[in-house]
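Asker:
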Amino acid sequence: MRETGLYKVFDPLKVLFVIDHASPAPHVEAASAHKMMRDFAAKFGIRLFDVGEGICHQIVAENGYSRPFSLILGADSHTTTLGAFSAFATGVGSTDIALAIALGKTWLRVPESVKIAIEEEPKPFISGKDIILRIIKEVGVDGLTYRAVEFHGSAIKHISMDSRMTMCNMCVEAGAKTALFPSDEVLSMNLAQIGVEGIKLEADPDAEYEEIFSFDLDNLEPQVAEPPNVDRVRAVEELEGVEVDQVFIGSCTNGRYEDFLAAARILRGRKVKKGVRCIAVPASRSIYLRLLKEGLLHVLAESGFFIAHSTCGPCIGAHLGLLGPGETVISTSNRNFPGRMGDKNSRIYLASPATAAASAVEGKIADPRKYLGR
Amino acid sequence: MIDLEIRGRAWKLGDDISTDHIISGKYKFRAISNIQEMVPHVLEELIPDFYLKVRRGDIIVAGKNFGMGSSREHAPLLLKILGISAVVAESFARIFFRNSINIGLPVITASEVPRATEEGDVLSVDIEKGILINMSKGVKESIRPYPREFLEILECGGIVEYVRKHGDLPWRGTK
Chain A
1 MRETGLYKVF DPLKVLFVID HASPAPHVEA ASAHKMMRDF AAKFGIRLFD VGEGICHQIV
61 AENGYSRPFS LILGADSHTT TLGAFSAFAT GVGSTDIALA IALGKTWLRV PESVKIAIEE
121 EPKPFISGKD IILRIIKEVG VDGLTYRAVE FHGSAIKHIS MDSRMTMCNM CVEAGAKTAL
181 FPSDEVLSMN LAQIGVEGIK LEADPDAEYE EIFSFDLDNL EPQVAEPPNV DRVRAVEELE
241 GVEVDQVFIG SCTNGRYEDF LAAARILRGR KVKKGVRCIA VPASRSIYLR LLKEGLLHVL
301 AESGFFIAHS TCGPCIGAHL GLLGPGETVI STSNRNFPGR MGDKNSRIYL ASPATAAASA
361 VEGKIADPRK YLGR
Chain B
375 MIDLEIRGRA WKLGDDISTD HIISGKYKFR AISNIQEMVP HVLEELIPDF YLKVRRGDII
435 VAGKNFGMGS SREHAPLLLK ILGISAVVAE SFARIFFRNS INIGLPVITA SEVPRATEEG
495 DVLSVDIEKG ILINMSKGVK ESIRPYPREF LEILECGGIV EYVRKHGDLP WRGTK
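As given, the protein sequences belong to chains A and B, one line each in that order.
When you number the first sequence by the numbering used here, it's gap-free, plus one each residue, and the end is 374.
When you number the second sequence by the numbering used here, it's gap-free, plus one each residue, and the end is 549.
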């Protein structure tokens, strides 16, 4: 932008920089990019979250930037995560972001809306990850392309903010432009903690939808996506016994408190299977500190997990545990495309933190209900 | 400047080609400062040595949901650097679509022609008139014309060039 007359910032208070994708820098190229970001942020007075502070979507949420009616652009496809806060959040490319920073403007087409109605109370061992994998199985990897997703139904009140973020996060795996939860009691309580009150986003009673999908969650079982696409979803029972070389719990999809709590319930007093590399990466420093304070990091470390500070690293194959040829990982992240986490002939299974933790203990894909009860 | 009349040889790909297929994150995040270093890895897992085989002006023809996944702009940018003149697909993932317009790579949504096309066929596209032809197969299809703003961006060679020239985005009525 330097050469275009666009080397400017429309409003530094509306711009955040987060150094998360290859952080701390695993090579000089990343270090140079990080340095450029720090220099730019300092010059223009932009708030920058540096190494270890967190993954961008988590940072935006924790610092109260995502709230009902916010319009949030992120240079990352998983920006949809923030729809859990009734914000219109969407991912764009780096040129889009650069122009938005300079001009304070972007171009967006108004999307058609899709209603996803989820009913009945899910079983206690079910997390947002199982729910969204089940939904993607139904709609397919292009089933929501371009469209704005709205979550509705009687199940919503049973779904935590952490799980909602997981669900909105992965709507992009079906192509969605944005994914919104309504401003209900669960969200209001969360926002009240950071002093945000009184703004509520709800669907119009006469809203029209291009398509409606309905799901009953009361009989939902733990779900696993097998390679090579996110819609290749099966019940965990069908994949039990697939041997794994690595287990990853973390990412913007499943690196929150609830995720590690679920994992720790299974890992407490148990060891991970010998020969399996197990990696845990909380999505922010504040989550890390809470887990530390409550002794959950101790549980993970004692069971044999390698624990790192916040980074996107393993999910995108940037650093911190790439896969070798023919190796298999069960991961709580969001994409299982060939080669994403390492060698092109490695295999990625996607699952909830509970399923990943059970698999860590057994060294093969395992049903978490064996440890958590049915 | 981008030519709005395009003719080129087709490379045929299937459904759900992700931006990880086009350029894997493990290269993107390794060679951030030098995009040329990523060139040999473009589409490597689908078409080995694609960067050596591709010719300037070639067109990629694919099925549904082309460019799904990561928002990495390197995916359309590397296709453009390799000389790809357009991507024709049955549908596109939205971030790939907007990134392509922004960097000045024509992306064409169509149905009959991509289904009829085989690798090596010669295609012609008139973006302004909205006509797509597979000349090898004799299949012709009308395509939805681009909005005026897309044509203006493509004519400038991308949105940064457009803004450099005009000082603002092409959408009028924006404040």
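Idealized CB from N, CA, C, for every residue including glycine.
Runs of 4 residues minimum, wholly inside the stretch 437-499 of chain B: which ones carry the alpha helix (DSSP H) assignment?
Answerer: 448-455, 468-477, 486-490
Asker: For the candidate residues B:S444, B:N408, B:L453, whose alpha-carbon lies nearest to that of B:V435?
Answerer: B:L453
Asker: On the three-pair Cβ rule with 8 Å, is the stretch 58-71 of chain A touching the stretch 274-288 of chain A?
Answerer: yes
Asker: Going by beta carbon distance, what residues of the same chain come within less than 7 Å of A:R270, once the five residues before and after it are set aside?
Answerer: So the list reads S303, V361, once near-sequence residues are dropped.
Asker: Give the C-beta separation of A:T311 and A:L322 to the nearest angstrom, bearing in mind that I take them to be a contact with Cβ-Cβ under 8 Å.
Answerer: In fact, because the Cβ distance is near 13 Å, the residues do not count as touching under 8 Å.
Asker: Hey, does B:K438 have any beta-carbon neighbour from chain A nearer than 9 Å?
Answerer: yes
Asker: In the stretch 214-263 of chain A, which residue ranges form an unbroken beta strand (DSSP E) of at least 3 residues, counting only runs that do not cross its ends?
Answerer: If we require 3 residues or more, the beta strand (DSSP E) runs fully inside the stretch 214-263 of chain A come out as 223-225, 233-235, 246-250.
Asker: Rounded to the nearest angstrom, how far is the Cβ of B:L456 from that of B:V481, given a contact under 8 Å?
Answerer: Not really, about 15 Å apart at Cβ, beyond 8 Å.
Asker: In chain D, which residues lie with their C-beta within 9 Å of the C-beta of B:K386?
Answerer: The structure shown has no chain D; the protein chains it does contain are A and B.
Asker: Please name the residues in the stretch 216-240 of chain A whose beta-carbon is closer than 7 Å to at least one beta-carbon of chain B, in chain order.
Answerer: N229
Asker: Could you name the residues of chain B that A:P338 contacts, counting a contact when the two beta carbons are closer than 8 Å?
Answerer: D394, H395, E419
Asker: What is the C-beta distance between B:K386 and B:E492, in whole angstroms, given that I count them as a contact (C-beta under 8 Å)?
Answerer: 6 Å
Asker: Quick one: Cα of A:L191 to Cα of A:K137, how far?
Answerer: 32 Å
Asker: Any beta carbon of chain B sitting closer than 9 Å to that of A:R369?
Answerer: no
Asker: How is the beta strand (DSSP E) around A:K115 delimited, first residue to last?
Answerer: 113-119
Asker: For A:S331, report the span of its beta strand (DSSP E) as first-last.
Answerer: 328-331
Asker: Taking 8 Å as the threshold, find out whether the stretch 433-452 of chain B comes into contact with the stretch 470-485 of chain B through three or more Cβ pairs.
Answerer: yes
Asker: When we look at the beta-carbon of A:Y7 and count the other beta-carbons within 10 Å, is it buried (16 or more) or exposed?
Answerer: exposed
Asker: Check each candidate in B:Q410, B:P414, B:L506, B:S516 and name the one with the smallest Cα separation from B:A384.
Answerer: B:L506
Asker: According to DSSP, what are the bridge partners of B:W545?
Answerer: Beta-bridge pairing links B:W545 to no other residue.
Asker: Given a limit of 7 Å on CB to CB distance, which residues of the stretch 443-469 of chain B reach chain A?
Answerer: G443, S444, S445, E447, S465, A467, R468, I469
Asker: Could you please tell me which residues of the stretch 346-361 of chain A, in chain order, have their CB closer than 8 Å to any CB of chain B?
Answerer: none
Asker: Residues in its own chain within less than 8 Å of B:T548 by CB, not counting five upstream and five downstream?
Answerer: Per-residue confidence for B:T548 stands at a pLDDT of 49, beneath the threshold of 50, marking its modelled position as unreliable; the derived number appears in the next sentence. Contacts found: D542.
Asker: Note down, in chain order, each residue of its chain lying with its Cβ closer than 6 Å to the Cβ of A:K115, except the 5 sequence neighbours on either side.
Answerer: E150, H152, Y209, I212
Asker: Against chain A, does B:L543 count as a neighbour if the rule is that its beta carbon must be under 9 Å from one of theirs?
Answerer: yes
Asker: For B:I434, would you say it is in contact with chain A, using Cβ-to-Cβ distances shorter than 9 Å as the test?
Answerer: no
Asker: Could you say which of A:K370, A:Y349, A:L16 lies nearest to A:Y65 if we only look at CA atoms?
Answerer: A:L16
Asker: Look at the Cβ atom of A:N254, then the Cβ atom of A:S352, and state whether they are nearer than 9 Å.
Answerer: yes
Asker: Just tell me which of A:M36, A:I159, A:E327, A:L71 has its CA closest to the CA of A:G128.
Answerer: A:I159
Asker: Within 10 angstroms of its Cβ, does A:G326 collect 16 or more other Cβ (buried), or is it exposed?
Answerer: Classification of A:G326: exposed, given that the 10 Å Cβ count is below 16.
Asker: Is the separation between the beta-carbon of A:G198 and that of A:A174 shorter than 9 Å?
Answerer: no
Asker: Mind listing, in chain order, the continuous alpha helix (DSSP H) runs of no fewer than 4 residues lying wholly within the stretch 13-73 of chain A?
Answerer: With a minimum length of 4 residues, the continuous alpha helix (DSSP H) runs that stay inside the stretch 13-73 of chain A are 28-44, 56-62.
Asker: Please decide whether A:I365 counts as near chain B, where near means a Cβ-Cβ distance under 9 Å.
Answerer: no
Asker: Looking at A:L292 and A:V224, is the spacing between their C-beta atoms short of 9 Å?
Answerer: no
Asker: Counting only beta-carbon atoms, is A:G321 nearer than 9 Å to chain B?
Answerer: no
Asker: Just to confirm the assignment, what range does the beta strand (DSSP E) spanning A:F151 have?
Answerer: In the DSSP assignment, A:F151 falls within the unbroken beta strand (DSSP E) covering 148-152.
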